[in-house]
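The numbering of the sequence shown is this note's numbering, which starts it at 350 and goes up by one.
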Amino acid sequence: MKLVIVESPAKAKTIERFLGPEYRVEASYGHIRDLPRTAGETPAAIRDKAWGRLAVDTEGGFRPFYIVPAESRRHVRELKAKLAGADEIVLATDEDREGESISWHLLQVLKPKVPVRRIAFHEITRPAIRAALQNPRAVDERLVRAQEARRVLDRLFGYSLSPVLWKKVRTKLSAGRVQSVALRLIVEREEERRRFHVSEFWRARATLAREDEAFSAVLTRVGGRALARGKDFDSATGRLLKSSRALFLDEDAATRIAGAALEAVPWRVDSVERKSSVQRPAPPFTTSTLQQAASSRLGMSPRQTMSLAQRLYEGVDLGGGDREGLITYMRTDSVTLSSKALGDAGRYIESAFGADYYQGPRRYKTKSRVAQEAHEGIRPTEIGRTPDRLNRLLDRRELALYRLIWSRTVASQMADARLDRTTMEVVASIDGVGHTFQATGSVVRFPGFFKAYGTPRKDQILPQLEEGDEIHAAGTSGTTGAGPSGHPRHGVVLNSVEPERRETKPPPRYTEASLVRKLEEEGIGRPSTYTPTISTIQERDYVRKRGGSLVPTYTGMAVNQLLRAHFEQYVDLGFTARMEDALDDIARGEVESESFLRDFYNGRGGKPGLARQIEETLPGIQYPAVTAGTDPDTGENIRIRIGRNSVYAERGRGERVTRATIPDEMLIDELTLDKLTELLNSPRGTEEPIGSDAATGLPVFVRTGRYGPYVQLGHTKGRDKPRWVGLPKGMDPSEVTLDYALRLLSLPRTLGQDPGSGEPVKAGFGRYGPYVQRGREYRNLESADRIFTVTLDEALTLLAQEKRSARATRSVLRELGPHPESGDGIRVLKGRYGPYVTDGTTNASIPRGADPAATTIEQAVELLAEAARRKKTRRTGGRRKTSGARR
350 MKLVIVESPA
360 KAKTIERFLG
370 PEYRVEASYG
380 HIRDLPRTAG
390 ETPAAIRDKA
400 WGRLAVDTEG
410 GFRPFYIVPA
420 ESRRHVRELK
430 AKLAGADEIV
440 LATDEDREGE
450 SISWHLLQVL
460 KPKVPVRRIA
470 FHEITRPAIR
480 AALQNPRAVD
490 ERLVRAQEAR
500 RVLDRLFGYS
510 LSPVLWKKVR
520 TKLSAGRVQS
530 VALRLIVERE
540 EERRRFHVSE
550 FWRARATLAR
560 EDEAFSAVLT
570 RVGGRALARG
580 KDFDSATGRL
590 LKSSRALFLD
600 EDAATRIAGA
610 ALEAVPWRVD
620 SVERKSSVQR
630 PAPPFTTSTL
640 QQAASSRLGM
650 SPRQTMSLAQ
660 RLYEGVDLGG
670 GDREGLITYM
680 RTDSVTLSSK
690 ALGDAGRYIE
700 SAFGADYYQG
710 PRRYKTKSRV
720 AQEAHEGIRP
730 TEIGRTPDRL
740 NRLLDRRELA
750 LYRLIWSRTV
760 ASQMADARLD
770 RTTMEVVASI
780 DGVGHTFQAT
790 GSVVRFPGFF
800 KAYGTPRKDQ
810 ILPQLEEGDE
820 IHAAGTSGTT
830 GAGPSGHPRH
840 GVVLNSVEPE
850 RRETKPPPRY
860 TEASLVRKLE
870 EEGIGRPSTY
880 TPTISTIQER
890 DYVRKRGGSL
900 VPTYTGMAVN
910 QLLRAHFEQY
920 VDLGFTARME
930 DALDDIARGE
940 VESESFLRDF
950 YNGRGGKPGL
960 ARQIEETLPG
970 IQYPAVTAGT
980 DPDTGENIRI
990 RIGRNSVYAE
1000 RGRGERVTRA
1010 TIPDEMLIDE
1020 LTLDKLTELL
1030 NSPRGTEEPI
1040 GSDAATGLPV
1050 FVRTGRYGPY
1060 VQLGHTKGRD
1070 KPRWVGLPKG
1080 MDPSEVTLDY
1090 ALRLLSLPRT
1100 LGQDPGSGEP
1110 VKAGFGRYGP
1120 YVQRGREYRN
1130 LESADRIFTV
1140 TLDEALTLLA
1150 QEKRSARATR
1160 SVLRELGPHP
1170 ESGDGIRVLK
1180 GRYGPYVTDG
1190 TTNASIPRGA
1200 DPAATTIEQA
1210 VELLAEAARR
1220 KKTRRTGGRR
1230 KTSGARR
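This is the structure:
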């Protein structure tokens, strides 16, 4: 028996259909080894080493220390059992760095004593698999080393800088080589938008018509002087640039011109310019261009796009026992097509559209210097398999993505589209001054590739007018007759002229698709990293989606501020791009990975590396505060700070400081200076006490600090530290009454004594919420209000119950059904840190803002697959003995 190993069960199911009975195809379920993720996973042999937390020997050649994670051990056991009866192993993982690395790790763990063959293919079809089996090769050590260097670099970067964020911003945050640069791009775009001063300007728009066909023309010049446009304004001040010679119109001027122009008929056609143009098709999709097109045309996120593309690549049941991959490999930066694909496309185009639509094969050259030209662009595995043929075999989203890929591939080989573009200028004379209105339009003369990929936005069609033709108002007698060139009446009339308000626009926020495009343009990241990067910055709550746009949170802005202020080099676009280039040089065997990693971490030639920079910089790093502006009444700076449990605004310093909690749902774009001062000046944002404690005479305050809102008894100044208690989670500080504050400050409340042990029983409010206590025994109460109403008998009943584990407290929100590959049941659970999905082996958080009740099984499978790939699953059991091995 020959054992074929691939990454996923879906891929295994497809490939098995193409092979004979002597083959057995099994899945590794992705990587079977990785670096330890937690201290509990780190083997005891390296735990006490200086570099043990990194699991990378920074003192001995930067060798990584791998383990088999808990979720992979069952798969490894099963593969070893299957290997026992095999006389040959065929490694059929994807042909990229990750796939090559999976194959190498399989060899290291399985240690086969039988012959091993490595096969590679770009599509999962019968001919491709058979061709691959006839042309096996060895595992490419250079690709393995390149992937390993990338993994080690990411570990050094993330595990070194993330603890800085834990100490100076908030726990459970992370820094990453690509994610931190992506965050910087989003934050800097938001900063640009906040600095941007919107300018208003006006123009006039005329509506003209011939019979039922209307078209419009806009005022562009007055007396030969161009009207101001967006580019004529200073984005920082909103004023017209001093260098601009443009004419600025306000609302009154535009209204006067519009009224006068309507009366100034007839208008005269001053010029008509017609130009022929050619529009060429775009090349086949790469990973990034597919994500961008799927976003703009189908409204899909990069994560959704890649999940669907993975399914199309790994195989779909076609009926009659056939199963085949429908598209080529979807992680690629190449735009080339194979000779067979070019020939198939040409024959299809001539057959379906006619000979005029095909002018021979188009061969595109990939622009990226590091593109793997052995790969192809993303295309259908069979051009003749049209989307209509798959209508009943794919679900709606799969079919939409396949149609997009199919049409782009076919269009890339079709003839150019030919258009006629017309620009016409019409002049209205007002008090002897010419006011020029301009209209533009286009007509498609030959659709070419538009036939397959669709026509762009429809442009207005202009009537056939000539210089000197006159245009009269609708309903007047001057709408007939011939023009000066002898043309019969053109029938064009002026219907209306209206003033039109315009304003300058700040640079648009990034969408997921435009962020991918920017990262690719800057040479940051590679096809396999775009989707995980975008997912990570949202999971860390550095960024939230507002509509389709990415908006930074206060936490994201604080993290970016700290990294830019103290570790600028490591979030610099050029530096990160050069690191990507170096990693690609390692893949080509041009750079040695150990020296590259040593220079990065330890430094070279007197220039400190990351480790020393952190050591020297950390003591001087202050808790970051985002400067939001100056209070117009007090002249004091207003800052936004990140607390452990909340975000708050702060004004003043020392004893004069005032703080106010910023609502969690209020993002930076809503937080104007007026809103900040309103929050700070509200009764709960000032230093005014809400009353006094009758027993002590001390004032009672409601305040907001680093850890969220709290009530405080007494002044901060003085020898005695004031007593304070945090507010229950979710409680609005503005709703706290004096009575409620005093009740909180009186906690813990003694309920009585346990008749059995004699120990006092108390009710209180702590870090994990309301509780009852006896000695060292604690039990949670269901709500904060129960602290003041729970009786001794009720508390004793609670304390007599077995303490529930964290797992037991996780309530099931929904049962989604069996996993389509493993058959394991998938559930939506409510955990301590929010809702998540699980199949019993892997857990995956539901993105912030998403409705757990609306989660579908397809979305859950996608989340679980992503979580498994990123190896973020937490161990739920106790500490176990972990085996590890160096490279």
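We put the CB at the ideal spot given by N, CA and C, even for glycine.
Strand pairing of K624, partner residues [DSSP]: Under DSSP, K624 forms a beta bridge with R770.
Cβ separation of E816 and V621, assumed to be a contact under 8 Å, to the nearest whole Å: About 6 Å separates the CB atoms of E816 and V621; that is less than 8 Å, so the two are in contact.
Between the beta-carbon of A643 and the beta-carbon of E849, is there less than 9 Å? The answer is no: Cβ separation not under 9 Å.
Between the CA atoms of A914 and G1101 - distance to the nearest angstrom: Taken atom to atom, the span from the alpha-carbon of G1101 to that of A914 is near 55 Å.
D671: first and last residue of the uninterrupted beta strand (DSSP E) it sits in: D671 to E673
Please state the DSSP three-state secondary structure of V547. coil
Going by DSSP in three states, E365 sits in which element: helix, strand or coil? E365: helix per DSSP, three-state reduction.
Among E540, A498 and R767, whose alpha-carbon lies nearest the alpha-carbon of P630? R767
Which partner residues does V1121 have in the DSSP bridge list? A1112 and R1128
Beta strand (DSSP E) runs contained entirely in the segment 617-697, provided each spans 3 or more residues: 665-668 and 671-673
Beta carbon of G410, beta carbon of E939: below 9 Å? no
The segment 725-743 contacting the segment 778-797, beta-carbon criterion three pairs below 8 Å: no
Opening and closing residue of the beta strand (DSSP E) in which Y751 lies: Per DSSP, Y751 belongs to no beta strand (DSSP E); it is in the alpha helix (DSSP H), R745 to S761.
Cα-Cα separation, K351 to V417: The alpha-carbon atoms of K351 and V417 are separated by roughly 24 Å.
Pick from A480, P1012, H380 and R486: whose alpha carbon is nearest that of P464? Comparing Cα-Cα distances from P464 to each of A480, P1012, H380 and R486, the minimum goes to R486.
Using the three-state DSSP reduction, which class does W453 fall into: helix, strand or coil? helix
Of the listed residues F550, S884 and H724, nearest to M679 (C-alpha basis): H724
According to DSSP, simplified to helix, strand and coil, what is W515? helix
Quick check: A1209 and V1177, are their CB atoms within less than 9 Å of each other? yes
Identify, in the order they occur along the chain, each residue of the same chain with its Cβ nearer than 6 Å to the Cβ of N909, setting aside the five sequence neighbours on each side. L532, R533 and V536
Reduced DSSP category for A1144 - H, G, I as helix; E, B as strand; rest coil: helix
Counting Cβ pairs, one atom from each stretch, are 3 or more of them under 8 Å apart for the segment 576-594 and the segment 546-557? yes
Decide if S656 is buried, meaning its Cβ has at least 16 other Cβ atoms within 10 Å, or exposed. buried
Evaluate contact between the segment 866-875 and the segment 972-988, counting only Cβ atoms and requiring at least three cross-stretch pairs below 8 Å. The segment 866-875 makes no contact with the segment 972-988: fewer than 3 CB pairs, one atom from each, lie closer than 8 Å.
From the DSSP output, in three-state form, read off I354 for me. strand
Grab the span of the beta strand (DSSP E) containing Q787 for me, first residue to last. V782 to F795
Is the beta carbon of Y879 closer than 9 Å to that of L510? No, the pair does not count as a contact, with Cβ atoms beyond the cut-off.
Could you tell me the alpha carbon to alpha carbon distance between R672 and K360, rounded to whole angstroms? Whole-angstrom Cα-Cα distance: 10 Å.
Confirm, please, whether the CB-CB distance from G803 to S761 is below 9 Å. no
Between Q528, A430, A480 and Y1185, which lies nearest to L922 when the distance is taken from Cα to Cα? Distance check between L922 and each of Q528, A430, A480 and Y1185 places Q528 closest, using alpha-carbon atoms only.
Which of helix, strand or coil does DSSP assign to T1187? strand
Using the Cα positions of D660 and I354, report the straight-line distance between them to the nearest angstrom. Note that residue 660 is Arg in the sequence shown, not Asp. Approximately 18 Å between the Cα atoms of the pair.
Kindly indicate which three-state DSSP category V1085 falls into: helix, strand or coil? coil
Sequence-distant residues of the same chain with beta carbon closer than 6 Å to R526, five excluded per side: D503 and F506
Nearest to K516 by CA position, among L596, R373, I970 and D561, is which residue? Selected option, being the one with the closest Cα: I970.
Classification of R494 by the beta-carbon crowding that lies within 10 angstroms, buried from 16 upward: buried
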